[in-house]
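Some notes on the structure that comes next.
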Amino acid sequence: MESGNGFYSTDEFQLDPKWLIDPKLLFVGPRIGEGAHAKVYEGKYKNQDVAVKIVHRGDTPEEVAKREGRFEREVAMLSRVQHKNLVKFIGACKEPVMVVVTELLLGGSLRKYMLNIRPRCLDMSVAVGFALDIARAMECLHSHGIIHRDLKPENLLLTADQKTVKLVDFGLAREETLTEMMTAETGTYRWMAPELYSTVTLRHGEKKHYNHKVDAYSFAIVLWELLHNRLPFEGMSNLQAAYAAAFKNVRPSAENLPDDLALILTSCWKEDPNSRPNFSQIVQMLQDYLSALSPPEPMIPSRVFASENAVLPPESPGTSSLMAIRDDLGETPETKIANKTRGFFFCFNHCY
Numbered sequence: 153m154e155s156g157n158g159f160y161s162t163d164e165f166q167l168d169p170k171w172l173i174d175p176k177l178l179f180v181g182p183r184i185g186e187g188a189h190a191k192v193y194e195g196k197y198k199n200q201d202v203a204v205k206i207v208h209r210g211d212t213p214e215e216v217a218k219r220e221g222r223f224e225r226e227v228a229m230l231s232r233v234q235h236k237n238l239v240k241f242i243g244a245c246k247e248p249v250m251v252v253v254t255e256l257l258l259g260g261s262l263r264k265y266m267l268n269i270r271p272r273c274l275d276m277s278v279a280v281g282f283a284l285d286i287a288r289a290m291e292c293l294h295s296h297g298i299i300h301r302d303l304k305p306e307n308l309l310l311t312a313d314q315k316t317v318k319l320v321d322f323g324l325a326r327e328e329t330l331t332e333m334m335t336a337e338t339g340t341y342r343w344m345a346p347e348l349y350s351t352v353t354l355r356h357g358e359k360k361h362y363n364h365k366v367d368a369y370s371f372a373i374v375l376w377e378l379l380h381n382r383l384p385f386e387g388m389s390n391l392q393a394a395y396a397a398a399f400k401n402v403r404p405s406a407e408n409l410p411d412d413l414a415l416i417l418t419s420c421w422k423e424d425p426n427s428r429p430n431f432s433q434i435v436q437m438l439q440d441y442l443s444a445l446s447p448p449e450p451m452i453p454s455r456v457f458a459s460e461n462a463v464l465p466p467e468s469p470g471t472s473s474l475m476a477i478r479d480d481l482g483e484t485p486e487t488k489i490a491n492k493t494r495g496f497f498f499c500f501n502h503c504y
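As structure tokens, then:
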């Protein structure tokens, strides 16, 4: 529950015991990510490979209250929703420091994945498949009354085989109610819906109505990136991009795209939030497009392969792209961590 200053009351936070981790069993390894308020480490918990997010409490009473509120919201929402395209929640603890433990996703961020192949574009079926993963994750969140508010490639991680995208980082996620007036705490400007950006210009502490359709706008910007493998609003700073979108109705170009995909983009980033589709509709549109793009292959009569001595065609060069990514030593990402010695990690509990 929120207090009058817009923060969650820390006294009322209760973590279900089944999600409470034992710090003595948590081992922390190398840092794999860092944000403004938290650092993420590779780790082990009960012999399971995990990602360990350690949240900084802040230096002032206001910072402490704000970050504890974000932590508590994130834990509450992660423990409520389960979906194959949402990062799997393992547990959390608030003392001695605020820690969120989730599954370890070894495929890296969607941002890094796209940068690694730039200037090439993703294969169309891959791009739309990733978009479908994202839309399904958002459909699940919205069905639970949760707005993510920070949908961007950095918050989308790939599984080890780099075939599936999962949504992470619920630090800015909020519950949506019909009567709620939400604060101007927002996500990253370049991907942010115009109505969210307009709240930033309000006086400190003032609140404004907006709803789950802010995520549809952010999704459109991410989809545009997936299709073009370019930064949206190129040549603009984050603030310039947000200002152009909010006050000049500027959008990336939807030209030279198949009509069905252009329709998804232009409908999702409409200025009027109520005119944007919901994620159930977006999922259906993407599924329809993907089906048209890759229709089922006709059944091959079994008699073609009747002879046990038939010579098989040579392996396609593309087959390797369907296998797990390997490093220079031939290890898969899954085995790379498993083969590390336990001494590589330090016990989390011994540091506090």
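Residue numbers (our numbering): 153 to 504. We put the CB at the ideal spot given by N, CA and C, even for glycine. No experiment lies behind these values; they were computed from the predicted model shown.
How is residue i classed by DSSP in three states: helix, strand or coil?
i	result
residue 459	Note that residue 459 has pLDDT 37, beneath the 50 cutoff, so the model's placement of it is unreliable and the number below is only indicative. It is coil, neither helix nor strand.
residue 253	strand
residue 201	strand
residue 261	strand
residue 345	coil
residue 383	coil
residue 180	strand
residue 207	strand
residue 274	coil
residue 405	coil
residue 230	helix
residue 418	helix
residue 365	helix
residue 430	coil
residue 424	coil
Out of the options, point me to the one whose CA is closest to residue i's CA.
i	options	result
residue 343	404, 309, 287 and 439	404
residue 312	436, 259, 297 and 422	259
residue 241	414, 390, 314 and 197	197
residue 199	179, 217 and 212	179
residue 363	298, 437, 388 and 416	298
residue 194	385, 386 and 256	256
residue 283	373, 393 and 176	373
residue 285	345, 375, 444 and 446	375
residue 420	346, 270 and 386	346
residue 252	188, 272, 273 and 225	225
residue 236	394, 303 and 292	292
residue 228	317, 169 and 433	169
residue 407	213, 395, 214 and 379	379
residue 287	401, 443, 212 and 318	318
residue 423	439, 399 and 371	399
Hey, how far is the Cα of residue i from the Cα of residue j?
i	j	result
residue 184	residue 190	11 angstroms
residue 192	residue 367	24 angstroms
residue 278	residue 265	12 angstroms
residue 476	residue 261	Residue placement at residue 476 cannot be trusted, given a pLDDT of 32 that sits under 50; what the coordinates show is reported in the next sentence. The straight-line gap from Cα to Cα measures roughly 16 angstroms.
residue 300	residue 431	13 angstroms
residue 305	residue 263	5 angstroms
residue 391	residue 341	6 angstroms
residue 441	residue 171	39 angstroms
residue 176	residue 247	12 angstroms
residue 397	residue 174	46 angstroms
residue 383	residue 234	31 angstroms
residue 296	residue 232	8 angstroms
residue 445	residue 270	23 angstroms
residue 307	residue 385	19 angstroms
residue 303	residue 417	15 angstroms
residue 433	residue 309	24 angstroms
residue 281	residue 216	40 angstroms
residue 214	residue 188	16 angstroms
residue 316	residue 377	17 angstroms
residue 275	residue 167	43 angstroms
residue 402	residue 443	31 angstroms
Take residue i and list the residues in its own chain whose beta-carbon comes closer than 8 angstroms to its own, dropping the five residues that flank it on each side.
i	result
residue 250	206, 207, 209, 219, 220, 223 and 244
residue 254	202, 203, 205, 230, 239, 240, 241, 242 and 320
residue 415	437
residue 435	284, 287, 288 and 291
Report the partner residues of residue i according to the DSSP bridge assignment.
i	result
residue 185	192
residue 170	Answer is none; residue 170 lacks a bridge partner.
residue 217	Note: residue 217 sits in no beta bridge, so no partner.
residue 318	309
residue 245	251
residue 238	319
Under 6 angstroms Cβ to Cβ from residue i, same chain only, skipping five residues before and after it: list those, please.
i	result
residue 369	345 and 421
residue 365	425 and 428
residue 412	441
residue 273	381
residue 294	364 and 431
residue 211	none
Leaving out five residues before and five after residue i in sequence, what residues of the same chain have Cβ atoms less than 7 angstroms from its Cβ?
i	result
residue 394	341, 342, 344 and 349
residue 388	396
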